[in-house]
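Residue numbers (the working numbering), protein chains in the order written: chain A, 19 to 113; chain B, 6 to 491.
For every residue, glycine included, the Cβ atom is placed at its ideal position computed from N, Cα and C.
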Amino acid sequence: MSLSLDDVNRIAKLARIRVNETEAAGYQTQLNGIFGLIEAMQAVDTAGVQPMAHGQEVFQRLRADVVTEPNRRDAFLAVAPQTEAGLYLVPKVIE
Amino acid sequence: MTHTLKHLSTLLAQGQASSVELCQDYLARIQRLNPTLNAFITVDPARTLAEAAAADARRAAGNAGALTGVPIAHKDIFCAEGWLTTCGSRMLSNFVSPYDAHVIEQFKAAGMPCLGKTNMDEFAMGSSNETSFFGAVKNPWDVARVPGGSSGGSAACVAARLAPAATGTDTGGSIRQPAALCGITGLKPTYGVVSRYGMIAFASSLDQGGPMAQTAEDCALLLNVMAGFDTRDSTSLEREKEEYARALTQPSAQPLAGLRIGLPREFFGAGLSGDTAQAVAAAIAQYRALGATTVEVGLPNSNLSVAAYYVLAPAEASSNLSRFDGVRYGYRTPEYADLTDLYEKTRAEGFGAEVKRRIMIGAYVLSHGYYDAYYLQAQKLRRLIANDFAAAFQQCDVILGPTAPTTAFKLGEKADDPVQMYLSDIYTIAVNLAGLPGMSLPCGFDAGGLPIGMQLIGNYFSEARMLNVAHQYQLATDWHARAPQL
Chain A
19 MSLSLDDVNR IAKLARIRVN ETEAAGYQTQ LNGIFGLIEA MQAVDTAGVQ
69 PMAHGQEVFQ RLRADVVTEP NRRDAFLAVA PQTEAGLYLV PKVIE
Chain B
6 MTHTLKHLST LLAQGQASSV ELCQDYLARI QRLNPTLNAF ITVDPARTLA
56 EAAAADARRA AGNAGALTGV PIAHKDIFCA EGWLTTCGSR MLSNFVSPYD
106 AHVIEQFKAA GMPCLGKTNM DEFAMGSSNE TSFFGAVKNP WDVARVPGGS
156 SGGSAACVAA RLAPAATGTD TGGSIRQPAA LCGITGLKPT YGVVSRYGMI
206 AFASSLDQGG PMAQTAEDCA LLLNVMAGFD TRDSTSLERE KEEYARALTQ
256 PSAQPLAGLR IGLPREFFGA GLSGDTAQAV AAAIAQYRAL GATTVEVGLP
306 NSNLSVAAYY VLAPAEASSN LSRFDGVRYG YRTPEYADLT DLYEKTRAEG
356 FGAEVKRRIM IGAYVLSHGY YDAYYLQAQK LRRLIANDFA AAFQQCDVIL
406 GPTAPTTAFK LGEKADDPVQ MYLSDIYTIA VNLAGLPGMS LPCGFDAGGL
456 PIGMQLIGNY FSEARMLNVA HQYQLATDWH ARAPQL
């Protein structure tokens, strides 16, 4: 497998990272190097193997549907880049 | 300033020193040496000394615990209320955390003042500490060399005796590899033992916090504080609270009689440097002298661990790091035309090159049509790797090998070659994939005087026993007590 420049630009778009032309060429070389390392995986026959996400057999815990967090709206808004009237500000999305 | 936690705890208990005095000594040493080593991102003496004064007051009131008043440094991945918490990134270079991680809460409850926040690879992605937005950390044994990563600041500050201990996190070797390269002791617990709440996420199914200190005994004391069930981490394991120092025994003629040590043949092949191989062989001989027996074991799928890791970790990172978008916290680009422009420029400017590479790999392997070929295949390999360990533990109680293939490399040597950099974690990654506990402890020096680490890998929840296996070695040797001249 080898990534083209178009692939790199598509991935950058998916990842919401602005990449210029010079950078894209650099990423193409580096990502292809890393995928070269990853490809070793594909040769292994894993038919019938159960995928593993956690070392222990654990299940999602459930809890009572009650409020457990205190209201710390001001503390959390204080670290935001731009806020107004208790809300996060972003550029207009809907005309 | 060469004191262990255990010794500092005794000094405080006997009234020979106060927490304020200890913190002043460490802060003075940090002030003198940190400009050279760059081990800390943030030091806040007023805050540290206020915490120390509170610890002294608590002791005076008769409410001190074993470690009350003993200072510690925290990796800058742990959110600590009121402290700048950057994760080594420009993206969080202005983020003063409004809350405490579970681990930070635990250390506060124990009364341990924070000496500062330690430097690290950006978002814990790196093996040399060179990806930090705040500059590389220097190895205290040779400042032209890397300390390892990603917990490089924590390892360097303990090695340089700027702090008696530090916290770290380990996703693919980020506690053990820097511990080896800096000549200290570090433990990555069984996945799920230490809560990830407030520990900035990199790869959630692999990330695990753990202690870094001079000795295994100190690591046991720290793990007593860090470990524990926490409902706010959905993968935290609900278990009885353990006393991790319970298995530490006194020196005796054959303290490890009956212990079976597994030596995985895959960890002693091509790629292992001669000096490291020799030091580990000498450690094995030492263990036999302490009464242990050895058996060769196989981990035939371990050669696939790097490949599986570089699918799973970037995939999880691309998801976790999507939260950094310039809206709710951290960096925002100064100029933007619309919302997409804001996202794309904020992330292009806020993240460094290695983080962007990994997010892009993750975005690709999770994109439409590729999930089965990459993420699912990697999770299946993960099962095969865990099965290898399970089979090995039928034959042995603990596995021993090198922590890293070489000693500390030069700054810049691998910085432009991600693939070479990734291979420095070749012996540590499989442990994270299986979710097992692993530790690194000093076992010698190479011809150039750089420390060498050996790795112990235990079965699930065998930390207390592993800590005694390391402790007995440290009672019989003095590698862990050597410190660089600074």
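Query, Result
"C-alpha distance - VAL474/B paired with ALA160/B, whole-angstrom precision", "21 angstroms"
"For ALA171/B, the three-state DSSP class (helix, strand or coil)", "strand"
"Beta-carbon proximity check, ASP105/B vs CYS84/B, cutoff 9 angstroms", "yes"
"Neighbourhood of ALA413/B by C-beta distance below 6 angstroms, restricted to the same chain and skipping five residues each side", "ASN144, ARG150, VAL151, LEU186 and LEU455"
"Cβ-Cβ separation, GLY116/B to ALA60/B (assumed contact under 8 angstroms), whole Å", "5 angstroms"
"Presumed contact (8 angstroms Cβ cut-off) between LYS80/B and THR123/B, rounded CB distance", "5 angstroms"
"Cβ of ASP24/A within 9 angstroms of any chain B Cβ", "no"
"ALA345/B (DSSP reduced to helix, strand or coil)", "One detail in the question is off: residue 345/B reads as Thr in this sequence, not Ala. DSSP places THR345/B in helix when its eight states are reduced to three."
"Any chain A beta carbon closer than 9 angstroms to MET365/B", "yes"
"Limits of the alpha helix (DSSP H) - the one that GLN479/B falls within", "468-481"
"Residue span of the alpha helix (DSSP H) that contains SER310/B, given as start and end", "310-325"
"Where GLN219/B falls: helix, strand or coil (DSSP)", "coil"
"Beta carbon of ASP175/B nearer than 9 angstroms to that of ASN464/B", "no"
"Helix, strand or coil at TYR380/B [DSSP, three-state]", "helix"
"Within-9 angstroms CB hit, GLY104/A to chain B", "no"
"9 angstroms Cβ cutoff met for ALA486/B and ARG166/B", "no"
"Contact check, THR408/B vs MET471/B, beta carbons under 9 angstroms", "no"
"9 angstroms Cβ cutoff met for GLN182/B and GLY154/B", "yes"
"Test: THR40/A CB closer than 9 angstroms to a CB of chain B", "no"
"DSSP three-state assignment for THR53/B, whether helix, strand or coil", "helix"
"contact_flag[the region 205-223 of chain B, the region 75-94 of chain A] where n(CB pairs < 8 angstroms) is 3 or more", "no"
"For SER445/B: DSSP bridge partner residues", "GLY191/B and GLN460/B"
"Beta-carbon proximity of VAL163/B to ILE189/B, cut-off 9 angstroms", "yes"
"Any chain A beta carbon closer than 9 angstroms to ASP422/B", "yes"
"Of the listed residues TYR336/B, ALA294/B, GLU321/B and ASP346/B, nearest to SER372/B (C-alpha basis)", "GLU321/B"
"Three-state secondary structure (DSSP) of THR412/B", "coil"
"Backbone CA spacing between GLU271/B and THR53/B [nearest angstrom]", "46 angstroms"
"VAL199/B - partner residues in DSSP beta bridges", "ALA232/B"
"Stretch-stretch touch, CB-based, cutoff 8 angstroms, three pairs: the region 381-398 of chain B with the region 438-446 of chain B", "yes"
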